[in-house]
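Chain order of the listed sequences is A and B. Residue numbers for the first sequence follow the working numbering, beginning at 2 and rising by one. Residue numbers for the second sequence follow the working numbering, beginning at 309 and rising by one.
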Amino acid sequence: KAGVTQTPRYLIKTRGQQVTLSCSPISGHRSVSWYQQTPGQGLQFLFEYFSETQRNKGNFPGRFSGRQFSNSRSEMNVSTLELGDSALYLCASSWRESSGTYEQYFGPGTRLTVT
Amino acid sequence: GENVEQHPSTLSVQEGDSAVIKCTYSDSASNYFPWYKQELGKRPQLIIDIRSNVGEKKDQRIAVTLNKTAKHFSLHITETQPEDSAVYFCAAIPDRGSTLGRLYFGRGTQLTVWP
């Protein structure tokens, strides 16, 4: 089974620009979550998508948005970039059954640098 | 929502010693507790998990214990090696009969194993 993939892996943008990151989940996984990771800040939850619908949202400004397509691939967008948006953005794909079976795996991340 | 607290934030041990990381959670509906290891510059990797119907689980030098009454779970690493040095994250997910995949993470523990 192929793992979670994210593109691009590295990105450099300037303040005020916007950026779109992409995540392809593991085949069969319908839930995709996004996290922002900065040094010393752990994993900050951005949002979760399931069946093309945003089901959970973290405490981030409206400049951060996302979507999910019918094939479960997901994109996140950050508009009007700020220096503080420089971070590693991680996507995680998960699968859960009502029986309790659960698994979640992370992609390699996209390293975004805002200058 | 669920709140996961993790301690300590940093832990230094001598090679060969044991390391213990502890987490508490707030939502009694949580029933799945994974642990992730993140080496520098890499993605978080699932290393072990435990479900609420189990009190302890072992995998070679790693073990996880769960106390549902007290709402806490712990990661135990025995015979530590320098390659165990990494950031470790605990997480929990409440079971509300849905297939949503959001994990609630602790803030992480930086483990350093000195040779």
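Using N, Cα and C, we set each Cβ at its ideal position, and we do this for glycine too.
_Rounded Cβ spacing between A/F65 and A/L47 (contact assumed at less than 8 Å)_ = Numbered from 1 along the first sequence, position 64 holds the residue referred to as residue 65 of chain A. Numbered from 1 along the first sequence, position 46 holds the residue referred to as residue 47 of chain A. About 6 Å; that satisfies the 8 Å criterion.
**OP:** Kindly list the residues whose CB is nearer than 8 Å to the CB of A/N72, restricted to its own chain and excluding five residues on each side of it in sequence; keep chain order.
**Re:** Here residue 72 of chain A refers to the residue found at position 71 of the first sequence. Result list for A/N72: empty, nothing under 8 Å.
Contact list for A/F46 against chain B, beta-carbon separation under 9 Å
Numbered from 1 along the first sequence, position 45 holds the residue referred to as residue 46 of chain A. By Cβ distance, chain B contributes R410, L411, Y412 and F413.
Closer than 8 Å at the beta carbon, the chain A residues around B/Y333:
Here the question's residue 333 of chain B lines up with position 25 in the second sequence. Ordered by position in chain A, no residue passes the 8 Å Cβ test against B/Y333, which lies about 15 Å from the chain.
query = What distance in whole Å lies between the Cβ atoms of B/I370 and A/Y103, which are believed to be in contact at a cut-off of 8 Å?
reply = Against the first sequence, residue 103 of chain A aligns to sequence position 102. Against the second sequence, residue 370 of chain B aligns to sequence position 62. Between B/I370 and A/Y103 the Cβ distance is about 19 Å, and since that is not below 8 Å, they are no contact.
Q: Report yes or no: do three or more beta-carbon pairs, one from the stretch 7–25 of chain A and one from the stretch 382–395 of chain B, lie closer than 8 Å?
A: no
Note to self: Assess contact between the stretch 20–27 of chain A and the stretch 67–82 of chain A, defined as three or more Cβ pairs (one per stretch) separated by less than 8 Å. Is contact present?
What the structure shows: yes
Notebook entry, point to check: Can you tell me the Cα-Cα spacing of A/F107 and B/Q353, whole angstroms?
Noted result: Sequence index remark: in the first sequence, residue 107 of chain A carries index 106 (1-based). Sequence index remark: in the second sequence, residue 353 of chain B carries index 45 (1-based). In a straight line, the C-alpha of A/F107 is about 7 Å away from that of B/Q353.
Q | Closest by C-alpha distance to B/E313, when choosing among B/T420, B/G416 and B/P423 | A | In the second sequence, residue 313 of chain B corresponds to position 5, counting from 1. Among B/T420, B/G416 and B/P423, the Cα nearest to that of B/E313 belongs to B/G416.
Item to complete: Could you list the residues in the stretch 382–404 of chain B with a C-beta less than 8 Å from some C-beta on chain A, going in chain order?
Response: F397, I401 and D403
Whose C-beta lies closer than 6 Å to the C-beta of A/R112 among residues of the same chain, with five residues either side of it excluded? Taking the first sequence and counting its residues from 1, one reaches residue 112 of chain A at position 111. Closer than 6 Å at the Cβ level, and outside the excluded window around A/R112, lie Y11 and L89.
Simplified DSSP assignment, three categories, for A/L47:
One-based indexing of the first sequence puts residue 47 of chain A at position 46. It is a strand residue.
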